[in-house]
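Per this note's numbering, numbering of the sequence shown is gapless, rising by one per residue and ending at 1266. We put the beta carbon where it would ideally sit given N, CA and C, even for glycine. None of these values were measured; they are calculated from a predicted model. Written below as structure tokens is the structure these notes are about.
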Amino acid sequence: FEARHAILELLDEAIADTKAKVDVVAYDLSEREVYLRLRKLAKRLRIIIDNSAEHGKPDSAESLAAARLEKAGAQVKRHHMSNLQHNKTIVVTGPKCKAVVCGSTNYTWRGFLVQNNNALIARGAGPVKVFRKAFEDYLGNDNQAGFGKTDSASAWQDLGIAGVDTKVTFSPHSESNSVLNDIAKDVLKAKSSLLYSLAFLAQTKGSIREAVTKVTESPVFTYGMADRQIGGIKLETPDGNVYPVFPQALSKNLPEPFRSEPSGLSGGVGTRMHHKFVVIDFDKPTARVYLGSYNFSNPADQKNGENLLLVRDRRVATSYMVEAVRIFDHYHFRVLQSKNGARTKLQLAVPPAKAGAKTWFDDYFTRAQKIRDREIFC
889 FEARHAILEL
899 LDEAIADTKA
909 KVDVVAYDLS
919 EREVYLRLRK
929 LAKRLRIIID
939 NSAEHGKPDS
949 AESLAAARLE
959 KAGAQVKRHH
969 MSNLQHNKTI
979 VVTGPKCKAV
989 VCGSTNYTWR
999 GFLVQNNNAL
1009 IARGAGPVKV
1019 FRKAFEDYLG
1029 NDNQAGFGKT
1039 DSASAWQDLG
1049 IAGVDTKVTF
1059 SPHSESNSVL
1069 NDIAKDVLKA
1079 KSSLLYSLAF
1089 LAQTKGSIRE
1099 AVTKVTESPV
1109 FTYGMADRQI
1119 GGIKLETPDG
1129 NVYPVFPQAL
1139 SKNLPEPFRS
1149 EPSGLSGGVG
1159 TRMHHKFVVI
1169 DFDKPTARVY
1179 LGSYNFSNPA
1189 DQKNGENLLL
1199 VRDRRVATSY
1209 MVEAVRIFDH
1219 YHFRVLQSKN
1229 GARTKLQLAV
1239 PPAKAGAKTW
1249 FDDYFTRAQK
1259 IRDREIFC
């Protein structure tokens, strides 16, 4: 719930800073608290809202919000680039508040309260300048042919954050300034570890999936999460077994209120795991993390409106590593519980009853896979 709190808090800051201007690009826009704050901004708000497929219907939450925000005085634009306007960005430009929101968190109930998501808030004139220029470029272009020629799409731009090497680029790119294959090459450079959480990896083809597969089959330590079970790629789990890890409901042996787990979509597709990040060598001076709304796919690279950040900072990379391990271990446990032969009673292991008996952590000193886990994370 931290992303929800941080985003709403920033919008409250923007409202309080009466001279602040706010520029928003939203794929989804159905979360009431976000909408109400945007409406309060009135003429101080410029907003681009996706109108692809369901979003473009007259009775969609996005269409209703667009009409009401426009009536309140906001400048509203609808488009979907060459496929989707998939950004989730907020830019606040004011005398007191200068800040940017980006990441994977959609402005919906699911985005805030159900899914695994991340939001990055960057403060200062540097991030605001770069993201506001991107907003202007989206405002003036409705497809790849136009936007792909802009400065926002043509290069990695430094956000000017003191002490943190942070760059951003925006999609859709043209063929000549595409970044997807360069990211795949960087993944292949992993020396010690690769940790990732990639929504829609199960249906993604191309260089990123090929690179992830190759690194997974190498000695490099790899933890990975996708939004659903994957065929053709095997992810190494902590116990040394090869098994694909994906979100799995955990309800059969749980009491209420935990049994009824909300998802928001039939079939559970895309409802729990929505991150898009890749962490490379978190434990090295060369640690880096890619993150944003970008799904590491060809449509994300050359068709959709997207933001993608590259942060070369060990502190930031470690933060995303912790999240990767948290959700990987959590869903690995769920997947095992869903299989035949799983324990039907959930309980913590008790200390050994006899002297010399094995403890729960004995494997971390005797099994090669778990020894590696202990050494890389401790």
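Taking Cβ positions, are V1167 and Y1208 nearer each other than 7 Å?
As a first step, residue 1167 must be located in the sequence shown, where it is residue number 279. As a first step, residue 1208 must be located in the sequence shown, where it is residue number 320. Yes; because the gap between Cβ atoms is below 7 Å, this pair is in contact.
Look at the Cβ atom of Y1178, then the Cβ atom of E1194, and state whether they are nearer than 7 Å.
Locating residue 1178 in the sequence shown gives position 290, counting from the first residue. Locating residue 1194 in the sequence shown gives position 306, counting from the first residue. No. Outside cutoff.
Below 8 Å on the Cβ atoms is my guess for K959 versus R932; work out the distance and round it to an integer in Å.
As a first step, residue 959 is located in the sequence shown; it is residue number 71 there, counting from the start. As a first step, residue 932 is located in the sequence shown; it is residue number 44 there, counting from the start. About 15 Å; that fails the 8 Å criterion.
Nearest-angstrom beta carbon gap, V1108 and S1085 [assumed within contact, 8 Å]:
Locating residue 1085 in the sequence shown gives position 197, where the first residue counts as 1. Locating residue 1108 in the sequence shown gives position 220, where the first residue counts as 1. So it is not a contact: roughly 17 Å between Cβ atoms.
Return the first residue and the last residue of the alpha helix (DSSP H) that F1253 is part of.
Here residue 1253 corresponds to residue number 365 of the sequence shown, with the count starting at 1. Where F1253 is concerned, the enclosing alpha helix (DSSP H) stretches over D1251 to T1254.
Below 8 Å, how does it come out for the stretch 1087-1096 and the stretch 1062-1072: are there three or more Cβ pairs, yes or no?
yes
Going along the chain, which unbroken runs of the beta strand (DSSP E) with 3 or more residues stay wholly within the stretch 1063-1121?
1081-1086 and 1109-1114
Determine the closest residue to L1008 out of F1023, Y915 and T1054, with distance taken between C-alpha atoms.
Position 120 of the sequence shown holds residue 1008. The residue with the shortest Cα to Cα distance from L1008 is T1054.
Grouping DSSP H, G and I as helix and E and B as strand, with all else coil, what is N1129?
Residue mapping note: residue 1129 aligns to position 241 of the sequence shown, counting from 1. Residue confidence is low: N1129 scores 35 on pLDDT, short of 50, so the model does not pin down where it sits. Its coordinate-derived value is still stated next. In the structure shown, N1129 sits in coil (DSSP, three-state: anything other than H, G, I, E or B).
Collapsed DSSP secondary structure at L1123 in the structure displayed:
The sequence position of residue 1123 within the sequence shown is 235, counting from 1. For L1123, the pLDDT reaches just 48, beneath the cut-off of 50, and the residue's location in the model is therefore unreliable, although a value from the coordinates is still provided. Coil, per DSSP.
S1062 versus A1041: straight-line alpha-carbon distance, rounded
Locating residue 1062 in the sequence shown gives position 174, where the first residue counts as 1. Locating residue 1041 in the sequence shown gives position 153, where the first residue counts as 1. Each residue's alpha carbon lies about 8 Å from the other.
With a 10 Å radius around its C-beta and 16 neighbouring C-beta atoms as the bar for buried, classify D1261 as buried or exposed.
For this step, residue 1261 is matched to residue 373 along the sequence shown. Result: buried.
Can you tell me the Cα-Cα spacing of G991 and D1189, whole angstroms?
Taking the sequence shown and counting its residues from 1, one reaches residue 991 at position 103. Taking the sequence shown and counting its residues from 1, one reaches residue 1189 at position 301. One C-alpha to the other measures close to 15 Å.
Specify the secondary structure class of V1238 as computed by DSSP and reduced to three states.
Within the sequence shown, numbered from 1, the residue matching residue 1238 stands at position 350. If DSSP states are grouped into helix, strand and coil, V1238 belongs with coil.
Going by other Cβ atoms of all chains shown within 10 Å of its Cβ, with 16 needed for buried, is E919 buried or exposed?
Locating residue 919 in the sequence shown gives position 31, where the first residue counts as 1. Under this definition E919 is a buried residue.
Within the continuous beta strand (DSSP E) that includes L1027, where are the two ends?
If you number the sequence shown from 1, residue 1027 lands on position 139. It is not in any beta strand (DSSP E) - L1027 instead sits in the alpha helix (DSSP H) that spans A1013 to G1028.
Going straight from the alpha carbon of V1157 to that of A1114, what length do you get?
The sequence position of residue 1157 within the sequence shown is 269, counting from 1. The sequence position of residue 1114 within the sequence shown is 226, counting from 1. For V1157, the predicted model reports a pLDDT of 48, less than 50, meaning its position is unreliable; a value from the coordinates is still stated below. Cα to Cα, the separation comes out at about 11 Å.
Does DSSP classify Q1003 as helix, strand or coil?
Along the sequence shown, one-based indexing puts residue 1003 at 115. Reduced to three states, the DSSP call for Q1003 is coil.
Report the rounded CA-to-CA distance for T1101 versus V1204, giving the unit in angstroms.
Along the sequence shown, one-based indexing puts residue 1101 at 213. Along the sequence shown, one-based indexing puts residue 1204 at 316. Each residue's alpha carbon lies about 25 Å from the other.
Nearest-angstrom Cβ-Cβ length linking T993 and K976, presumed shorter than 8 Å
For the purposes of this step, residue 993 is identified with residue 105 of the sequence shown, where counting begins at 1. For the purposes of this step, residue 976 is identified with residue 88 of the sequence shown, where counting begins at 1. So it is a contact: roughly 6 Å between Cβ atoms.
For N1195, report the span of its beta strand (DSSP E) as first-last.
Along the sequence shown, one-based indexing puts residue 1195 at 307. From DSSP, the beta strand (DSSP E) with N1195 extends over E1194 to R1200.
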